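Enquirer: Quick one: the structure is below, questions incoming.
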Amino acid sequence: GQQVMQIPQYQHVQEGEDFTTYCNSSTTLSNIQWYKQRPGGHPVFLIQLVKSGEVKKQKRLTFQFGEAKKNSSLHITATQTTDVGTYFCAGGVSGNTGKLIFGQGTTLQVKP
Amino acid sequence: KAGVTQTPRYLIKTRGQQVTLSCSPISGHRSVSWYQQTPGQGLQFLFEYFSETQRNKGNFPGRFSGRQFSNSRSEMNVSTLELGDSALYLCASSKGTITDTQYFGPGTRLTVL
Chain P
1 GQQVMQIPQY QHVQEGEDFT TYCNSSTTLS NIQWYKQRPG GHPVFLIQLV
51 KSGEVKKQKR LTFQFGEAKK NSSLHITATQ TTDVGTYFCA GGVSGNTGKL
101 IFGQGTTLQV KP
Chain R
113 KAGVTQTPRY LIKTRGQQVT LSCSPISGHR SVSWYQQTPG QGLQFLFEYF
163 SETQRNKGNF PGRFSGRQFS NSRSEMNVST LELGDSALYL CASSKGTITD
213 TQYFGPGTRL TVL
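In order, the protein sequence lines correspond to chains P and R. According to this note's numbering, the first sequence is numbered sequentially starting from 1. According to this note's numbering, the second sequence is numbered sequentially starting from 113.
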């Protein structure tokens, strides 16, 4: 079936280091969404990308959507302890009813 | 605008019992989705309701069911609880389609003993 694979599953970084998580879909996506879940919390929407090759930035976060609309990445520059949490990508698939397929998430730990 | 609310927030049940969880979406949102989250399993999609109709369904056994009311509020029911059903159950609402931005509630933490 349709899947969205996300890697790595876990990442430990020293504060100030960069971090990147990648998503790859088995099918062409209509959009890609990114969510962040803090420990003990619930997923919170970060951003949505729709266009092929789109790049969006939110302060230290950079989001990219691949040219083929099958992959995406989230890059955090100079991580801070507030970046700790699990980052999920979710691929939207158009169709009669549509689907939103979540990746397994990347859990980021930041050592101060 | 009030966010998505879920009740109860915590629940403890024993094997074999059934449970009903409730979700109130953001006002004006018509799509409600349910997810099960367990450590190491990520977000597992249960089902989506739109205008009182189940529009999408994940790969869960028939013990998991749901419904949506005319005011878009939704409930999910799990019958004959098993230990493996212990999880955080998240509800998310969106304006129209499931591919729209999902707004998640705080979740219901279900523990099955």
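Yeah, the Cβ is synthetic: ideal placement off N, Cα and C, and Gly gets one too. Quick caveat: nothing in here was measured; it's all calculated off a predicted structure.
1) Here's a check: name, in chain order, each residue in its chain whose Cβ is nearer than 6 Å to the Cβ of THR77/P, leaving out the five neighbours to either side.
2) CB-CB under 6 Å to THR126/R, same chain, minus the five flanking residues each way: which ones, in chain order?
3) Given that a residue counts as buried once 16 or more other Cβ atoms are within 10 Å of its Cβ, and exposed if not, what is MET5/P?
4) Is the Cβ-Cβ distance between TYR79/R and PHE45/P less than 8 Å?
5) Note down, in chain order, all residues in the stretch 200-222 of chain R with a beta-carbon under 9 Å from any beta-carbon belonging to chain P.
6) Does the Cβ-Cβ distance between LEU193/R and GLN149/R come in under 8 Å?
7) With a cut-off of 8 Å, do at least 3 Cβ pairs link the stretch 185-201 of chain R to the stretch 135-142 of chain R?
8) Could you spell out the range, first to last residue, of the beta strand (DSSP E) harbouring ALA204/R?
9) Name, going along the chain, the residues of the stretch 153-180 of chain R whose beta-carbon falls closer than 9 Å to a beta-carbon of chain P.
10) Leaving out five residues on either side along the sequence, give the residues of the same chain with a beta carbon under 6 Å from the beta carbon of ARG167/R.
11) Between which residues of its own chain and VAL50/P is the CB-CB distance below 7 Å, once the five residues before and five after are set aside?
12) Does GLN80/P have its Cβ less than 8 Å from a Cβ in chain R?
13) Residues of the stretch 30-52 of chain P in Cβ contact with chain R at a cutoff of 9 Å, in chain order, please.
14) As a quick exercise: from ALA114/R, SER143/R, THR223/R and GLY115/R, pick the residue whose alpha carbon is nearest that of LEU200/R.
15) What separation, rounded to the nearest whole angstrom, lies between the Cα atoms of THR79/P and LEU202/R?
16) Can you tell me whether LEU195/R is helix, strand or coil according to DSSP?
17) Check whether the Cβ atoms of PRO39/P and PHE88/P sit closer than 8 Å, and answer yes or no.
18) At which residues does the beta strand (DSSP E) containing SER72/P begin and terminate?
19) For GLN11/P and chain R, any beta-carbon pair shorter than 8 Å?
20) Please state whether DSSP places THR82/P in a helix, a strand or coil.
Expert: Walking through what the data contain:
1) Correct list, in chain order: ASP18 and ARG60.
2) Take THR126/R, set aside five residues on each side of it, and the residues of its chain with a beta-carbon closer than 6 Å to its own are LEU225, in chain order.
3) Exposed, because fewer than 16 other Cβ atoms sit within 10 Å of the Cβ of MET5/P.
4) Nothing about residue 79/R can be reported from this structure: the residues present for chain R run from 113 to 225 only.
5) Taking 9 Å as the cut-off between beta carbons, the residues of the stretch 200-222 of chain R near chain P are LEU200, LEU202, ALA204, SER206, THR209, ILE210, THR211, ASP212, THR213, GLN214, TYR215, PHE216, GLY217, PRO218 and GLY219, in sequence order.
6) Judged by beta-carbon spacing, GLN149/R lies beyond the 8 Å limit of LEU193/R, meaning their Cβ atoms are not closer than that value.
7) Using a C-beta cut-off of 8 Å, the stretch 185-201 of chain R makes contact with the stretch 135-142 of chain R, since at least three inter-stretch Cβ pairs fall below that distance.
8) First-last of the beta strand (DSSP E) with ALA204/R: 199-206.
9) Within the stretch 153-180 of chain R, the residues whose Cβ lies closer than 9 Å to some Cβ of chain P are GLN153, GLY154, LEU155, GLN156, PHE157, GLU160, PHE162, ARG167, ASN168 and ASN171, listed in chain order.
10) Correct list, in chain order: GLU160.
11) Only ASN31 meet the Cβ criterion.
12) Taking 8 Å as the threshold, the shortest C-beta distance from GLN80/P to chain R does not fall below it.
13) Those residues of the stretch 30-52 of chain P that come within reach of chain R (Cβ to Cβ, closer than 9 Å) are SER30, ASN31, GLN33, TYR35, GLN37, GLY41, HIS42, PRO43, VAL44, PHE45 and GLN48.
14) For the residues ALA114/R, SER143/R, THR223/R and GLY115/R, the minimum Cα distance to LEU200/R belongs to THR223/R.
15) Rounded to the nearest angstrom, the two C-alpha atoms are 28 Å apart.
16) In the displayed model, LEU195/R falls within a helix according to three-state DSSP.
17) Cβ atoms of PRO39/P and PHE88/P: not closer than 8 Å.
18) Its beta strand (DSSP E) spans residues 71-76.
19) Look at GLN11/P: its C-beta is not under 8 Å from any C-beta on chain R.
20) The three-state secondary structure of THR82/P, taken from DSSP, is helix.
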